[in-house]
Structure formats: structure tokens, C-alpha cells
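Peer 1:
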Amino acid sequence: MKKLASYVFFIVLCGLALSQPKKDRKCLRGKVITFPKLTTDNWVKLHPNESMDLSAATVCLRFYTERISLDPCLFSLATPSYAEDFSLRWLGYSKQYKMTVHNVWDQFDGLTFNINEWISVCATWDANSGLAQMFVNGVASIKKELGPKEFFKGNPVITLGQCQTQYDGGFQSQSIFTGFIADVHVHGQVLTTRQIETYMDVKTKYKLGDYINWHNLMYTIDGSARVEEKHQVTF
Ligand SMILES: *[C@@H]1O[C@H](CO)[C@@H](O)[C@H](O)[C@H]1NC(C)=O
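Residue numbers (my numbering): 108 to 342.
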């Protein structure tokens, strides 16, 4: 009986080991991550080289969606101190972008959100001023005071496709993203409007993230999310 128990235990352990998704380091230039399914078991984790000690941050990414869920989540960075240390999502009812810093959020109005179209987004925040700003397809929002004026600190768990409501998980069906996400870059400073403008103009060479760099990305994919060539999925 004891022998059987340990045999079963061994099988369970191996099963777990096999289903553990693998970390990959790749250049995803010209590629997208496809999120095809409206379930909470599809997500991508991005693994930075170091833990954070950042006085400011800029997150830039492009997405293409049909918005099937209510509040699709574009980017979610959780730390042990704050489950929503930096997150970006679209609010379906109010038609606004929601940006959260250190668990405090605000909404940004009048910025583009079209379905079946690439949309470029950058969001900046800096602990000195406590000011946040968003940029969508070349349009700048106003600046808003957001969150406590603290550094981003600790070991982050960064996810795409789902927003974390707790450190390393707590995904909710209302914030599942479906569609394509590409060119995710995280910078440890506030980019200048000139640098952001360059990022939004897809054809020019732009500044790559010094904290998360799409062109040299360590990531884990789980569920039915997958990497595909951008030119093979959209025009
Ligand atoms: C992380 O480390 C790798 C390997 O040393 C390096 O090639 C890469 O540029 C680093 N990434 C960032 C964002 O600094």
C-alpha cells in the first residue's frame, strides 16, 4: 500500500513538472502574442533581470482586440506590497483607460479605443511628482496625481492578458484580454514626449525598454496564448 502511494505521488509530481510552462528568452521583434480564449488560464508572464528599485516608470505596448470581456487588462505588475503596483486596462462601460499605481487608480477620458485596429499606448508615472500621464495613438492625456509617492520596489510578477488582483494571480474573468499584444517595453524613467512619439510611429526606430525589452524578452506562456508573426496575423 505504501509502495502504491509513493508511486501515485511520483506520477502526480511528474505530471506537475511536465505541465509547468517553460521560461523562454527570445527577441520578439516583429512578433505578437495571441490571446485567443476568454478564460483565466491563458496568460503570459514577463521576467525582468532584476528586482525593482525604480523612482519612475514608462510602460509602452500595442494591442489589437475585439474587447469580448468587460474590462480587458493590457498590463499588470504586482509586487508583494501592491497587487496592482502598475496596471493598465480599458473600462468597457465608461469607455476610459484605467491606470493603477500602488493600488490607487484613475481614469483617462477621450483616448482612442477602436476594435480590430492596432493601438499604441504608453503610460508614465514618477514618484517625485506622483503624476501619471497616458498617450494613445499619438494623443496625450492631461497629467493626474496618482498613488503614494513611493518607488516601485521588490520582485514583480508581470502579466499580460490578465490583471492580477493578488501577488502572482487572482485573475478575474471580467478583465481577460483577447486579441494581440506586441512591443511591450518597460522603462525605469519617464520617457520624453519625443521618445513616445517615436514609439507610436511604428515605422521608426524607438527606444527599447531598459527594464523589460520586447527584443530580448524572458517570458513564460501558459494556456492557449502563443507567439506569432505580426505580418501573418494582421495587415
Ligand atoms: C537581461 O539580461 C540579458 C542577459 O544578460 C541581456 O542580454 C538583456 O539585455 C537584459 N535585459 C534588459 C532589459 O536589460
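The C-beta atom is built at its ideal place from N, Cα and C for all residues, glycine as well.
1. Express the C-alpha separation of Val334 and Ile222 in angstroms, rounding to a whole number.
2. Run through DSSP, which three-state label would Ser282 get?
3. Does the segment 314-322 come close enough to the segment 202-209 to have 3 or more Cβ pairs within less than 8 angstroms?
4. Let's see if you can read the secondary structure: which residues bound the beta strand (DSSP E) around Gln214?
5. Hey, Cys229 and Leu153: beta-carbon distance below 8 angstroms or not?
6. Exposed or buried, which one is Lys337 when buried takes at least 16 other CB atoms within 10 Å?
7. When you compare only the Cα positions, how much space is there between Ile249 and Gly217?
8. If you draw a straight line from the alpha carbon of Phe331 to that of Lys130, how long is it in whole angstroms?
9. Short of 6 angstroms in beta carbon distance, which residues of its chain neighbour Thr305, apart from the five on each side in sequence? Order them along the chain.
10. Residue range of the beta strand (DSSP E) that Arg136 falls in?
11. Checking 8 angstroms against the spacing of the C-beta atoms, do Gln269 and Phe278 come in under that value?
12. With a 10 Å radius around its C-beta and 16 neighbouring C-beta atoms as the bar for buried, classify Asn149 as buried or exposed.
13. Alpha carbon to alpha carbon, how far is Asp233 from Ala164?
14. What do you get for Asp275, buried or exposed, if any count of 16 or more other CB atoms within 10 angstroms of its CB means buried?
15. Please state whether DSSP places Asn221 in a helix, a strand or coil.
16. Taking Asn262 as the reference, which of Val151, Tyr189, Trp212, Phe170 has the closest Cα?
17. Ends of the beta strand (DSSP E) at Lys205?
18. Is Asn320 near ligand 1, in the sense that its beta carbon is under 7 angstroms from a heavy atom of that ligand?
19. When the Cα of Ser280 is compared with those of Ser176, Asn210, Pro187, which residue comes out closest?
20. Give me, in chain order, the residues of the same chain whose beta-carbon lies closer than 6 angstroms to that of Val166; leave out the 5 immediate sequence neighbours on both sides.
21. Who are the near neighbours of Ile265 in its chain, counting only those whose CB is closer than 6 angstroms to its CB and skipping five residues on each side?
22. What's the C-alpha gap between Leu238 and Ser158?
23. For Phe284, which residues of its own chain have a beta-carbon under 6 angstroms away from its beta-carbon, when the five flanking residues on both sides are left out?
24. Within 10 Å of its beta-carbon, does Arg169 have 16 or more other beta-carbons around it, so buried, or fewer, so exposed?
25. From Arg132 to Lys138, what does the alpha carbon distance come to, in whole angstroms?
Peer 2: Judging by the given coordinates:
1. If you draw a straight line from the Cα of Ile222 to the Cα of Val334, it is about 21 angstroms long.
2. Correct three-state label for Ser282: helix.
3. No, the segment 314-322 is not in contact with the segment 202-209.
4. Here the beta strand (DSSP E) through Gln214 covers 211-215.
5. In this structure, Cys229 sits away from Leu153, with a CB-CB distance that is not shorter than 8 angstroms.
6. Buried, since its Cβ has 16 or more Cβ neighbours within 10 Å.
7. So the two alpha carbons sit approximately 11 angstroms from each other.
8. The sequence as given places Ser at residue 331; Phe does not occur at that position. Just so you know, the alpha carbons of Ser331 and Lys130 end up roughly 16 angstroms apart.
9. Within the same chain, Thr311, Tyr313 come within 6 angstroms of Thr305 by CB-CB distance, once the 5 residues on both sides are set aside.
10. In the DSSP assignment, Arg136 falls outside any beta strand (DSSP E) and carries neither an H nor an E.
11. Going by beta carbons, Gln269 and Phe278 fall inside the 8 angstroms limit.
12. Counting Cβ neighbours within 10 Å, Asn149 comes out buried, since at least 16 surround it.
13. When rounded, the distance between both Cα atoms is 6 angstroms.
14. Its Cβ having fewer than 16 others within 10 Å, Asp275 is exposed.
15. Residue state for Asn221 is assigned as coil, using DSSP reduced to three classes.
16. Ranking the options by Cα distance to Asn262, first place goes to Tyr189.
17. Run containing Lys205: 203-208, per the beta strand (DSSP E) assignment.
18. Taking the Cβ of Asn320 as the reference point, at least one heavy atom of ligand 1 falls within a distance shorter than 7 angstroms.
19. Among Ser176, Asn210, Pro187, the Cα nearest to that of Ser280 is on Ser176.
20. These residues qualify, in order along the chain: Phe182, Ala230, Val293.
21. Leu153, Leu184.
22. When rounded, the distance between both Cα atoms is 23 angstroms.
23. Closer than 6 angstroms at the Cβ level, and outside the excluded window around Phe284, lie Phe142, Pro179, Cys180, Gly268.
24. The residue in question, Arg169, is buried, as its Cβ has 16 or more Cβ neighbours within 10 Å.
25. Near 14 angstroms, if we compare the C-alpha coordinates of Lys138 and Arg132.
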